[in-house]
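So the sequence shown is residues 1164 to 1458, counted in this note's numbering. Even glycine gets a Cβ: it sits at the ideal position worked out from N, Cα and C.
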Amino acid sequence: METEAGAADEGARLTTEPSAPPRPRLPEPSGSSGHSGSSGASGSSGPSVPSGSESGGGPSGASERRGLAALSPGHQLTAVLALIGIALVTCVHILMVFLHVAPSNTITKKHGELVGAWVYPEFEQNWKLFAPNPLQQNIAVEARAEVRTPDGELRATRWYGLSAQDGAAIDGNLLPSHTQQNELRRAWDVYTGTHDAQNRPNGLRGTLSEQYLRRILVLRLDRLGAAGKGETVERVQIRSKTTMVEPPKWSDEKVDQKPVYRQVPWWTVTSSDAPLDSGTRVRVQSSVGSAGGDR
1164 METEAGAADE
1174 GARLTTEPSA
1184 PPRPRLPEPS
1194 GSSGHSGSSG
1204 ASGSSGPSVP
1214 SGSESGGGPS
1224 GASERRGLAA
1234 LSPGHQLTAV
1244 LALIGIALVT
1254 CVHILMVFLH
1264 VAPSNTITKK
1274 HGELVGAWVY
1284 PEFEQNWKLF
1294 APNPLQQNIA
1304 VEARAEVRTP
1314 DGELRATRWY
1324 GLSAQDGAAI
1334 DGNLLPSHTQ
1344 QNELRRAWDV
1354 YTGTHDAQNR
1364 PNGLRGTLSE
1374 QYLRRILVLR
1384 LDRLGAAGKG
1394 ETVERVQIRS
1404 KTTMVEPPKW
1414 SDEKVDQKPV
1424 YRQVPWWTVT
1434 SSDAPLDSGT
1444 RVRVQSSVGS
1454 AGGDR
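This is the structure we're talking about:
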């Protein structure tokens, strides 16, 4: 009787106590002894890594290429040569500009013409911002054009305030364009510095500055629509009004506030004065100055 009652109590205790969770079965080595061939095969059938990803080859390795490595050998060579060319041109430009602004030395004395041909007129530099005598003038530059209508008549456009337009574009602009700040201003400054009162150039640089300024005028007037549809630009003209900046109230300096005017005679426009990408219609001039067809 006691044996049967004890067995019953033991069975009740086992049914009321929570059973322990099953222990996880660890994978066994495939090569361990005491296992059959089937169990060895199942042990070696776990997840495997593709051989291509291990060695870095195959399609997966090719898809991970970036930059020049993804290009074909021929395109890689072309890209490398292009980068080398850009680097060489950049180095040459920096060297030329440095020689231009550097004090006179043996290299500039021997190769000054080559340096000037590279720098002028687009990359001309100056130190007036840091000089003892910075610019103290307000220079207003205006331009107009003479155009030929489809009927063959000539008409002069109104004066366009080019410097006023540049000033309006710069005013309040945190990142103003270098072209708006300096292109027209420096072109006119170089022109007046290389021409006498009769607008005659002083040497080769004077001729170059005149060509550069004339090209700027043709481009700007074209953008402003000075010539209407079917009209041809024949000549351009430029003028300026210069006034001295008034000194501050605490200064004893006295300056003449009377404006100074300068007006250049009409310039005949040729095909070399019209930028190739502007689409400006100009009168083509032959070498002797006779008029040719429209461009």
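- A distance below 7 Å between beta-carbons, with the five flanking residues on each side excluded, links residue 1380 to the following residues of its chain, in chain order: 1306, 1399 and 1401.
- Boundaries of the alpha helix (DSSP H) harbouring residue 1373: 1367 to 1386, taken from the DSSP string.
- Judged by beta-carbon spacing, residue 1364 lies within the 8 Å limit of residue 1370, meaning their Cβ atoms are closer than that value.
- Taking every protein chain shown into account, the CB of residue 1243 has fewer than 16 other CB atoms within 10 angstroms, so this residue is exposed.
- C-alpha of residue 1360 to C-alpha of residue 1237: approximately 60 Å in a straight line.
- In the displayed model, residue 1283 falls within coil according to three-state DSSP, outside both helix and strand.
- Of the residues assessed, residue 1311 falls on the buried side of the cut-off, its CB having 16 or more other CB atoms within 10 angstroms.
- In this chain, residue 1432 is not harboured by any beta strand (DSSP E), its DSSP state being neither H nor E.
- CA-CA distance, residue 1431 to residue 1417, rounds to 41 Å.
- Around the beta carbon of residue 1385, 16 or more other beta carbons lie within 10 angstroms, which makes this residue buried.
- Residue pairing from DSSP places residue 1301 in a beta bridge opposite 1406.
- As the crow flies, the alpha-carbon of residue 1248 is around 28 Å from that of residue 1375.
- Residue range 1347 to 1356 is occupied by the alpha helix (DSSP H) that includes residue 1347.
- DSSP places residue 1239 within a helical segment (H, G or I) once states are collapsed to three.
- The alpha carbon of residue 1397 has as its nearest neighbour, out of 1334, 1425 and 1319, the alpha carbon of 1319.
- Scanning 1339, 1303, 1309 and 1342 for the CA closest to the CA of residue 1324 turns up 1303.
- Only residues of its own chain outside the window of five on either side were considered, and among them 1364, 1365 and 1369 have a CB closer than 7 Å to the CB of residue 1358, listed in chain order.
- When the beta-carbon positions are compared, residue 1415 and residue 1407 stay at least 8 Å from each other.
- Residue 1262 and residue 1253 do not touch by the CB rule: their CB atoms are close to 15 Å apart, not below 8 Å.
- Between residue 1413 and residue 1309, the CB-CB gap reaches or exceeds 8 Å.
- In the DSSP assignment, the residues bridged to residue 1324 are 1305.
- Between the alpha carbons of residue 1387 and residue 1425 lies a gap of roughly 23 Å.
- Nearest to residue 1327 by alpha-carbon distance, out of 1284, 1246 and 1403, is 1403.
- Of the candidates 1434, 1256 and 1276, the residue whose Cα lies closest to the Cα of residue 1367 is 1276.
- Straight-line measurement puts the Cα of residue 1409 at about 12 Å from the Cα of residue 1422.
- Between residue 1353 and residue 1284, the C-beta spacing is below 8 Å.
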